[in-house]
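> Take -19 as the starting number for the sequence shown in our numbering and just add one per residue. Beta carbons are placed, not taken as given, at the ideal position from N, Cα and C, and that holds for glycine.
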Amino acid sequence: MTSTPNREGTAPVTSAQRILVLNSGSSSVKYQLLDMRDHSRLAVGLVERIGEQTSRLVHSPLTDGGEKRERTGPIADHEAALKAVAEELARDGLGLDSPELAAIGHRVVHGGLKFSAPTVITEEVMAEIERLVPVAPLHNPANITGIRTAQALRPDLPQVAVFDTAFHTTMPESAARYAIDVETADAHRIRRYGFHGTSHAFVSRETAKLLGKDPSEVNVIVLHLGNGASATAVRGGACVDTSMGLTPLEGLVMGTRSGDIDPAVTFHLERVAGMSTDEIDVLLNKKSGLVGLCGDNDMREIRRRIDEGDQRALLAFEIYIHRLRKYIGAYYAVLGRVDAVVFTAGVGENAAPVRAAAIAGLEELGLVVDADLNAVRSDAARLISPEYARVAVAVVPTDEELEIARQTYALVNA
Ligand code: ADP
-19 MTSTPNREGT
-9 APVTSAQRIL
1 VLNSGSSSVK
11 YQLLDMRDHS
21 RLAVGLVERI
31 GEQTSRLVHS
41 PLTDGGEKRE
51 RTGPIADHEA
61 ALKAVAEELA
71 RDGLGLDSPE
81 LAAIGHRVVH
91 GGLKFSAPTV
101 ITEEVMAEIE
111 RLVPVAPLHN
121 PANITGIRTA
131 QALRPDLPQV
141 AVFDTAFHTT
151 MPESAARYAI
161 DVETADAHRI
171 RRYGFHGTSH
181 AFVSRETAKL
191 LGKDPSEVNV
201 IVLHLGNGAS
211 ATAVRGGACV
221 DTSMGLTPLE
231 GLVMGTRSGD
241 IDPAVTFHLE
251 RVAGMSTDEI
261 DVLLNKKSGL
271 VGLCGDNDMR
281 EIRRRIDEGD
291 QRALLAFEIY
301 IHRLRKYIGA
311 YYAVLGRVDA
321 VVFTAGVGEN
331 AAPVRAAAIA
341 GLEELGLVVD
351 ADLNAVRSDA
361 ARLISPEYAR
371 VAVAVVPTDE
381 ELEIARQTYA
391 LVNA
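#1: Which whole-angstrom value describes the C-beta separation of T411 and N277, a residue pair presumed to lie in contact below a C-beta threshold of 8 angstroms?
#2: Under 7 angstroms from any heavy atom of the ligand ADP, does the C-beta of D144 make it?
#3: Do M106 and the ligand ADP come close, with the Cβ less than 7 angstroms from some heavy atom?
#4: Quick one: residues in its chain with C-beta nearer than 8 angstroms to the C-beta of R317, no 5 flanking neighbours on either side, listed in chain order?
#5: Taking DSSP's pairing of strands, which residues face G25 in a bridge?
#6: Classify T150 as helix, strand or coil using the three-state DSSP reduction.
#7: Rounded to a whole number of angstroms, what is the C-alpha to C-alpha distance between L76 and R36?
#8: Using the C-alpha atoms, what's the distance from Y368 back to L81?
#9: Counting C-beta neighbours from all protein chains within 10 Å, is the total for I160 16 or more, i.e. buried, or is it exposed?
#10: Taking 8 angstroms as the cut-off, decide whether the C-beta atoms of V376 and T212 are in contact.
#11: Could you tell me whether the Cβ atoms of N3 and R87 are closer together than 8 angstroms?
#12: Please enumerate, following chain order, all residues with a beta carbon closer than 6 angstroms to at least one heavy atom belonging to the ligand ADP.
#13: At which residues does the alpha helix (DSSP H) containing R280 begin and terminate?
#14: Looking at the unbroken beta strand (DSSP E) that takes in T222, where does it start and where does it end?
#15: Confirm, please, whether the CB-CB distance from F147 to R180 is below 8 angstroms.
#16: Which partner residues of R51 appear in the DSSP bridge assignment?
#17: From Y389, V371 and D359, pick the residue whose C-alpha is nearest to that of D379; which is it?
#18: Going by Cα to Cα distance, which pick from S20, R303, A361 and V392 is closest to K189?
#19: Rounded to whole angstroms, what's the CA-CA distance from P98 to M224? Just pull it up for me.
#20: Can you give me the Cβ contacts of T(-10) inside the same chain, cut-off strictly under 7 angstroms, excluding the 5 residues immediately before and after it?
#21: Is the distance from the Cβ of L232 to the Cβ of S196 below 8 angstroms?
#22: In three-state DSSP terms, what is S196?
#23: Output the distance between the C-alpha atoms of G192 and H58, rounded to the nearest integer angstrom.
Okay, here's the thing in structure tokens:
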């Protein structure tokens, strides 16, 4: 704990109020520096194509007079990337050596069952994140590299892991277990973990706020529709079911992922189509979903094609909506009573036709979308259902970085 205690017991102290949030992917690092006194952003940025000749760093200071800067050229690895980020921050007087930096919060994709809350990173925590690599082979190694690099830059600073899976650890066994042989499942940690948990936690809480209620009083179905997509049933602030499973492949139709399929499709692809396991992995994760169905995964482009009469784009849209409606119905039944259905992330926040189609004809469930409210473009959390509707339908922009910063800050000040 590095933050200075508030000796006056009144206004927040001025030092150690900043949190750096790092989201390290396999070839990218996204970052935000936040001031936790007012949750303002001091800087945001991204390094992409790490390890290639064409790496790019885009840095935007958000302080007065700051201007967006871009660097291109090879950035060899995560260490070099984070050093470059540190240099850019230092140019704005926001360097990582600043005593005002309270902690670094890391997005960690897979926390298994062990991590149900944000956790100060120790060597034991690192060992556990490492042990989870077999269930998150694409994500956890990149997260580990990000943490190690940040530790090397500021060994004295608390580093906190905020897990994508944490919010879902409240799922009952009936929702979390697959109906397969228990010994085999347990030996290989096969169960439903769920992802996007930081977003589902943030959005379900903000929805309660929008309804003027405490999270413990409301049941919410959250539809996180980005390029990856997942639905969650939240009862009284706790997740009771979610659509992603052992990996982010299960559930809704996504930009490039199939979501639910009969697992026998994979045997068929292997035995009849002669595909290898790796090829099937790529097919289902990268070449399926909207892109597999119509060649585009951007909902804007799909809507444009539909407007031009493109039948493949229309069918892709219909399959996407059909799956979404099935999950809304399923989670309605799981919850029994629903106070709000809420849309978030790139598609959920922006694509009014998706929201309208997902809710159309569900009046008997108390679900109605007001066409005028749905058409409004806004960055604010808002209701799109008419006043008379029994169940609220809402759009609530997600903010995973703010949630990671909040959780990190709360932990280091506990
Ligand atoms: P990620 O899962 O990569 O974090 P986002 O939540 O940013 O994704 O969502 C990205 C997706 O949001 C895009 O692929 C696109 O389909 C969709 N999207 C973004 N803006 C709009 C818009 N104005 N209208 C419709 N869809 C949009």
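On the basis of the data shown:
#1: An answer regarding residue 411 cannot be provided, because it is not within the stretch -19 to 394 covered by the chain.
#2: By 1-based counting over the sequence shown, the position of residue 144 is 164. Because no heavy atom of the ligand ADP lies under 7 angstroms away, the Cβ of D144 does not count as near it: no.
#3: Taking the first residue of the sequence shown as 1, we reach residue 106 at position 126. For the ligand ADP, not one heavy atom lies less than 7 angstroms from the Cβ of M106.
#4: Position 337 of the sequence shown holds residue 317. Excluding residues within five positions, the ones whose Cβ falls inside 8 angstroms are N199.
#5: Translated into the one-based positions of the sequence shown, residue 25 becomes position 45. Answer is Y11 and H39, bridged to G25.
#6: Stepping through the sequence shown from its first residue, residue 150 is reached at position 170. It is helical.
#7: One-based indexing of the sequence shown puts residue 76 at position 96. One-based indexing of the sequence shown puts residue 36 at position 56. Each residue's Cα considered, the two are about 20 angstroms apart.
#8: The sequence position of residue 81 within the sequence shown is 101, counting from 1. The sequence position of residue 368 within the sequence shown is 388, counting from 1. In a straight line, the C-alpha of L81 is about 48 angstroms away from that of Y368.
#9: As a working mapping, residue 160 is identified with position 180 in the sequence shown. Answer is exposed; the Cβ neighbour count stays below 16.
#10: Residue mapping note: residue 376 aligns to position 396 of the sequence shown, counting from 1. Residue mapping note: residue 212 aligns to position 232 of the sequence shown, counting from 1. Not closer than 8 angstroms, so no.
#11: For the purposes of this step, residue 3 is taken as residue 23 along the sequence shown, with counting starting at 1. For the purposes of this step, residue 87 is taken as residue 107 along the sequence shown, with counting starting at 1. Cβ distance < 8 angstroms, so N3 and R87 count as in contact.
#12: G206, N207, G208, G235, N277, D278, M279, R280, A325, G326, V327, N330 and A331
#13: Within the sequence shown, residue 280 is the residue found at index 300, counting from 1. From DSSP, the alpha helix (DSSP H) with R280 extends over M279 to D287.
#14: The residue given as residue 222 occupies position 242 in the sequence shown. Segment A218 to T222, the beta strand (DSSP E) holding T222.
#15: In the sequence shown, the residue the question calls residue 180 occupies position 200. In the sequence shown, the residue the question calls residue 147 occupies position 167. Note that residue 180 corresponds to His in the displayed sequence, not to Arg. Going by C-beta atoms, H180 is nearer than 8 angstroms to F147.
#16: Taking the sequence shown and counting its residues from 1, one reaches residue 51 at position 71. According to DSSP, R51 bridges with L37.
#17: For the purposes of this step, residue 379 is taken as the residue at position 399 of the sequence shown. It is D359 whose Cα lies nearest to the Cα of D379.
#18: The residue labelled residue 189 in the question sits at position 209 within the sequence shown. Looking at the Cα atoms, A361 is the closest of the given residues.
#19: What you label residue 98 is simply residue 118 of the sequence shown in a count that begins at 1. What you label residue 224 is simply residue 244 of the sequence shown in a count that begins at 1. One C-alpha to the other measures close to 20 angstroms.
#20: Counting from one through the sequence shown, the residue named residue -10 turns up at place 10. Reliability of the predicted coordinates at T(-10) is poor, the pLDDT of 39 falling under 50, and the value obtained from them is presented with this limitation in mind. Result list for T(-10): empty, nothing under 7 angstroms.
#21: Position 252 of the sequence shown, counted from the first residue, corresponds to residue 232. Position 216 of the sequence shown, counted from the first residue, corresponds to residue 196. No. Outside cutoff.
#22: By 1-based counting over the sequence shown, the position of residue 196 is 216. Note: S196 maps to helix in three-state DSSP.
#23: As a working mapping, residue 192 is identified with position 212 in the sequence shown. As a working mapping, residue 58 is identified with position 78 in the sequence shown. Between G192 and H58, the C-alpha separation is close to 43 angstroms.
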